[in-house]
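To keep things clear, I will list the structure first and then write my remarks on it.
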Amino acid sequence: MDNYDETRDRLVAYSSMPLSVVFVGVGRSDFARMHGLCRDVSTLASRSNTTFVEFRKNQHDPAALGESALCNVPVQLCKYMQ
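Under the numbering used here, the first residue of the sequence shown carries the number 116, and numbering increases by one thereafter.
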């Protein structure tokens, strides 16, 4: 992510569209900014449309990784349809 503010603003704008964004953090970086981005978008947007998952927390369990990445999509879709 090169520009935090631009990314946040675009994600907020996308919240009015049928779009869910899943970010997967790979490596041992500090992902605090990504968690903050998802939190900011949820606060500012008309609906939550982002999810962040750290790959290494579920790297040995593909099913858990998939579940973590996609667990919010059904709720996000329902909120959009409302």
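Ideal placement from N, C-alpha and C gives every residue a C-beta, glycine not left out.
Quantities reported herein were computed from a predicted structural model and do not represent experimental measurements.
- Rounded to the nearest whole angstrom, the CA to CA distance from V136 to A160 is 13 Å.
- For a cut-off of 8 Å, the C-beta gap from Q191 to S157 is around 10 Å, too long to register as a contact.
- By alpha-carbon distance to S144, the top candidate from S131, R171, E121 and A128 is R171.
- Residue environment: N118 is assigned as exposed (fewer than 16 neighbouring CB atoms within 10 Å of its CB, all protein chains considered).
- Counted as a single uninterrupted DSSP element, the stretch harbouring V141 is not any alpha helix (DSSP H), since DSSP gives it neither H nor E.
- Within 10 angstroms of the beta-carbon of M132 lie fewer than 16 other beta-carbons, which makes it exposed.
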